[in-house]
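Numbering (my numbering), first residue to last: 106 to 637.
Step one of this worksheet: look at the structure below.
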């Protein structure tokens with residue numbers, strides 16, 4: 106392996122192929138004083154356990170980053186705290202942090218990670234309440250018969266939020282560190298309410314520790330980016346601008362998750378939507394108390410209730426002492442009556458709650474439009490941003506000191522590289538045309554920039570489709586639209602090569618020129634974009 110050098114102008118983008126997760130290393134030509142130097146930017150580093158494409162461990166990716174950067178990353182960026190974006194930064198079991206051998210100049214985060222921001226803190230409380238609720242529900246499911254499928258699906262969703270330290274966790278244990286921390290905190294601080302307890306329980310999860318590690322390791326104080334801020338500057342790279350398109354500052358947009366009507370490439374049945382804070386705290390109180398013998402969160406006073414285990418076991422005569430007791434126990438426990446019982450059906454609510462939480466965190470993704478200084482070409486990195494974020498870009502604009510205004514529509518029209526959101530899922534790329542008022546794929550790569558568009562999809566499709574409840578990543582309709590728009594220049598993690606498109610889509614000369622700018626390896630794809 107050799108150091109990753111930037112092209113004379115423009116940028117080199119390395120998309121690592123670790124599995125179902127994001128990890129991108131960018132190299133720009135910079136200057137420090139009179140000395141020319143490479144400037145390296147790392148965006149995310151994570152993957153879903155068991156999703157490896159060629160069996161590579163995340164260790165190999167980090168070793169390559171160390172070699173490629175000479176051991177120093179100028180800017181490390183976390184788009185959002187999901188397992189498949191940050192668990193590479195976490196400490197592995199019985200090991201040091203694998204990134205300890207790499208130094209970081211700056212750490213860039215979304216405004217949602219700023220502890221001095223009131224809205225960010227409110228969102229954080231919402232997240233903590235919900236994640237604690239899910240961990241407690243998972244704990245209850247582990248002790249409930251005939252819920253194994255639901256428990257496994259819930260494990261997948263909780264694992265995304267919690268992260269992991271190394272190897273995949275046994276199903277049902279992903280929330281264990283949260284429930285243990287919650288019970289310990291409640292025992293030590295019985296005066297605290299559920300909101301306060303949830304903060305204590307969640308702060309130690311892997312994803313949170315991974316981001317804290319980067320903040321602590323960076324040489325400079327963290328930089329929090331927001332759409333209402335001027336574009337950021339990349340150190341040592343003259344005139345390059347980085348615009349933050351998301352996450353939006355509007356709470357309604359942050360919670361607006363699914364495309365509507367013609368915005369969506371593929372319409373699907375709508376799932377249950379649960380307003381999180383109130384329901385989550387009530388649900389948490391119920392499952393928390395039930396799990397360890399304290400109050401079970403029922404709306405009815407205990408004097409009006411009889412525990413099921415005291416009335417539904419035959420042969421017991423208290424609290425009922427007539428024949429109706431055994432009769433009730435017999436008909437309730439009858440095997441043929443199983444379909445009528447709803448004992449633990451309420452726990453199914455947890456899956457809808459978990460899906461919504463995953464989507465809400467996706468929508469807090471830091472979305473970056475990186476504008477090259479000479480040509481104005483734009484690289485768009487969206488994390489896993491969903492509908493509300495895309496809608497939020499539509500009206501964004503920035504005015505510089507000279508009075509010149511740049512809009513999000515301008516930036517997308519000059520987009521020549523799109524990091525496809527959320528592995529190409531249905532709710533992270535909006536459909537539409539150039540004429541539509543909402544930001545969409547039709548806004549991208551217009552005019553002189555149309556012929557240079559390419560897309561990168563970090564997805565392991567066979568793995569995703571092989572799950573018990575398959576993840577359609579990428580959605581075929583989105584991939585087909587990107588193939589057409591990019592004229593075949595679409596990289597996908599699980600494919601060893603970019604397939605040669607038909608000649609009517611891309612003539613031989615254009616294909617040859619594209620091949621000259623890419624490198625395809627088992628560990629990564631590399632793509633060079635000129636700025637001249």
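The beta-carbon is built from N, C-alpha and C at its ideal position, and this holds for glycine as well.
Computed from a predicted structure; not experimentally measured.
Excluding five sequence positions before and after residue 463, the CB atoms of its chain that fall closer than 6 Å to its own CB belong to 262 and 265, given in chain order. DSSP, read as helix, strand or coil, puts residue 350 in strand. Following the DSSP letters along the chain, one finds residue 182 inside the beta strand (DSSP E) bounded by residues 177 to 182.
Sequence-distant Cβ neighbours of residue 111 in its own chain, meaning closer than 8 Å and more than five residues away, are 117, 132, 133, 134, 135, 143 and 144.
Counting C-beta atoms within 10 angstroms of its own C-beta, residue 502 has fewer than 16 neighbours from the protein chains shown and is therefore classed as exposed.
Judged by DSSP in its simplified three-state form, residue 117 adopts strand.
With distances taken between CA atoms, residue 477 lies nearest to 633 out of 620, 108 and 633. For the pair residue 566 and residue 479, the Cα-to-Cα distance works out to about 37 Å. Residue pairing from DSSP places residue 561 in a beta bridge opposite 524 and 596. DSSP places residue 497 inside the alpha helix (DSSP H), whose first and last residues are 492 to 498. For the pair residue 455 and residue 441, the Cα-to-Cα distance works out to about 27 Å.
Taking C-alpha positions only, residue 610 is separated from residue 523 by approximately 19 Å. By the Cβ-count criterion, residue 190 is buried, with 16 or more other Cβ atoms from all chains shown falling within 10 Å of its own Cβ.
The segment 238 to 248 makes no contact with the segment 201 to 215; the number of CB pairs closer than 8 Å stays below 3. Closest by C-alpha distance to residue 506, out of 497, 335 and 351, is 335. Secondary structure at residue 314: helix, using DSSP grouped into helix, strand and coil. Rounded to whole angstroms, the separation of the alpha carbons of residue 170 and residue 225 is 31 Å. With respect to residue 311, residue 240 sits apart: the two C-beta atoms are not nearer than 7 Å.
Contact annotation: residue 125 and residue 466 have beta-carbon atoms that are not nearer than 7 Å.
Going by DSSP, residue 457 is part of the alpha helix (DSSP H) stretching over 454 to 467. Shown here, residue 589 sits in a helix according to DSSP, grouped into three states.
For residue 174, the uninterrupted alpha helix (DSSP H) segment begins and ends at 163 to 174.
The continuous alpha helix (DSSP H) containing residue 190 extends over residues 188 to 191. Taking a contact as a CB-CB distance under 8 Å, the pair residue 558 and residue 148 does not count as one, their CB atoms being some 19 Å apart. For residue 326, the number of other beta carbons within 10 angstroms of its own is below 16, and it is reported as exposed. In the three-state reduction of the DSSP assignment, residue 624 falls in the strand class, which pools E and B. If you compare the alpha carbons of 194, 473, 108 and 521 with that of residue 174, the shortest gap goes to 108. Of all alpha-carbon atoms in 348, 361, 358 and 161, the one lying nearest the alpha-carbon of residue 515 is that of 348. Annotation for residue 146: no alpha helix (DSSP H) segment contains it, though the beta strand (DSSP E) segment containing it runs 140 to 150. For residue 529, same chain residues with a beta-carbon under 7 Å away, outside a window of 5 residues either side, are 562, 564, 578, 579, 580, 583 and 584 in chain order.
When DSSP reads this structure, residue 287 sits in no beta bridge, so it has no partner. The C-alpha of residue 606 is placed about 37 Å away from the C-alpha of residue 338. Listed in chain order, the non-local C-beta contacts of residue 181 below 6 Å within the same chain comprise 147, 209, 212 and 319, local neighbours out to five positions each way being set aside. With contacts defined as CB atoms closer than 7 Å, residue 470 and residue 544 fail to qualify as a contacting pair.
Between the C-alpha atoms of residue 115 and residue 595 there is a straight-line separation of about 20 Å. Take the alpha-carbon of residue 520 and the one of residue 293: they are about 54 Å apart.
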